[in-house]
Amino acid sequence: ETGVTQTPRHLVMGMTNKKSLKCEQHLGHNAMYWYKQSAKKPLELMFVYSLEERVENNSVPSRFSPECPNSSHLFLHLHTLQPEDSALYLCASSQVIAGSYEQYFGPGTRLTVT
Amino acid sequence: GQNIDQPTEMTATEGAIVQINCTYQTSGFNGLFWYQQHAGEAPTFLSYNVLDGLEEKGRFSSFLSRSKGYSYLLLKELQMKDSASYLCAVRDGDYKLSFGAGTTVTVRA
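Protein chains in written order, with my numbering: chain W, 15 to 128; chain Z, 1066 to 1174.
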């Protein structure tokens, strides 16, 4: 089983739809992250959960709503998105202990908003 | 704010050496990562520097100078499979990574 999995891999949705992205990590990590990656732009950190508590929320519009029901699963609920939200959404996890801060990424969900 | 700069593109020949520079100006610094990302795939970890100096891992080496706000990733004996985007990221705190826009390296035969 690969370390971090994401579903779906591709998603096309209209601006009035509601959909959810799912991330699962099989590494026993205690922190999980959502990033947005747009073409030719740096990865943008959206949300961080540590021990299922949200610890970072980087001024993300409310049309993106994260949920972390347990330490292995992370969701990103989407509603009334805009075309500029089309991007690759990456999930990552890490074990936050002294000396170890590497983040492991999933393959991403390619989102297109029409 | 965070400012992390790296070149947009680099091209090199198979078997050659390429050096990807990264300069940063960030509000905090707790270490610097390099990641490799092939098109359509997840970023994968290459290296992590906290102290000044050179870290070597096989064909890849990474260097850090904290006083200069500067790092580089050195790729030796380039192979076609090294064609990818290379991301520089600064760790600020326990969780936050601030990324550069990435350097696309193209290896030609």
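The beta carbon of each residue, even a glycine, is placed where N, CA and C say it ideally should be.
None of the values given here were measured: they were computed from a predicted structure.
| message | Excluding the 5 residues flanking tyrosine 1137 (chain Z) on each side, which residues of the same chain have their C-beta closer than 8 Å to its C-beta? | response | Gln1084, Ile1085, Asn1086, Cys1087, Ser1127, Phe1128
| query | Does any C-beta atom of chain W lie closer than 8 Å to the C-beta of phenylalanine 1128 (chain Z)? | reply | False, the Cβ-Cβ gap to chain W never drops below 8 Å.
| field | Backbone secondary structure at lysine 1141 (chain Z) - three-state DSSP | value | coil
| message | With H, G and I counted as helix, E and B as strand and the rest as coil, what does DSSP make of aspartate 1157 (chain Z)? | response | For aspartate 1157 (chain Z), the secondary structure class from DSSP, reduced to helix, strand or coil, is strand.
| Residues bridged to aspartate 1147 (chain Z) [DSSP beta-bridge criterion] | In the DSSP assignment, no residue is bridged to aspartate 1147 (chain Z).
| task | Might you give, ordered along the chain, the residues of its own chain that have their beta carbon closer than 6 Å to the beta carbon of asparagine 1095 (chain Z), omitting 5 neighbours on each side? | result | Answer for asparagine 1095 (chain Z): Arg1156, listed in chain order.
| Is DSSP giving aspartate 1177 (chain Z) helix, strand or coil here? | Since the first residue of chain Z shown is 1066 and the last is 1174, residue 1177 (chain Z) is not available in this structure.
| message | I need the boundaries of the beta strand (DSSP E) containing glutamate 58 (chain W), first residue and last residue. | response | 58–64
| Are the Cβ atoms of histidine 43 (chain W) and glutamine 109 (chain W) separated by less than 8 Å? | yes
| message | Could you compute how far the alpha carbon of isoleucine 111 (chain W) sits from the alpha carbon of alanine 45 (chain W)? | response | 10 Å
| query | Mind checking whether proline 75 (chain W) and leucine 88 (chain W) have CB atoms under 8 Å apart? | reply | no
| said: Taking 6 Å as the limit between beta carbons, can you name the residues of its chain near glutamate 58 (chain W), skipping five residues before and five after? | reply: Lys50
| task | Step through the CB atoms of chain Z and report whether any lies within less than 8 Å of the CB of serine 64 (chain W). | result | yes
| said: If the criterion is Cβ atoms closer than 8 Å, does the pair phenylalanine 1125 (chain Z) and leucine 1111 (chain Z) meet it? | reply: yes
| message | Just to check my reading of the structure: glycine 1175 (chain Z) and proline 56 (chain W) have Cβ atoms closer than 8 Å, yes? What is that Cβ distance to the nearest angstrom? | response | Only positions 1066 to 1174 of chain Z appear in this structure, which leaves residue 1175 (chain Z) out of reach.
| C-alpha gap between asparagine 1068 (chain Z) and glycine 1134 (chain Z), whole angstroms | 11 Å
| field | Continuous beta strand (DSSP E) stretch holding serine 79 (chain W): start and end | value | 78–84
| message | For the region 59–69 of chain W against the region 1089–1108 of chain Z, do three or more pairs of beta-carbon atoms, one drawn from each stretch, fall closer than 8 Å, so that the two count as touching? | response | no
| CA-to-CA distance, alanine 1154 (chain Z) to serine 1163 (chain Z), given in whole angstroms | 5 Å
| message | Check whether chain W comes within 8 Å of leucine 1162 (chain Z), counting only Cβ atoms and requiring the distance to be less than that. | response | yes
| Unbroken beta strand (DSSP E) run spanning glutamate 38 (chain W), endpoints | 32–39 is the extent of the beta strand (DSSP E) around glutamate 38 (chain W).
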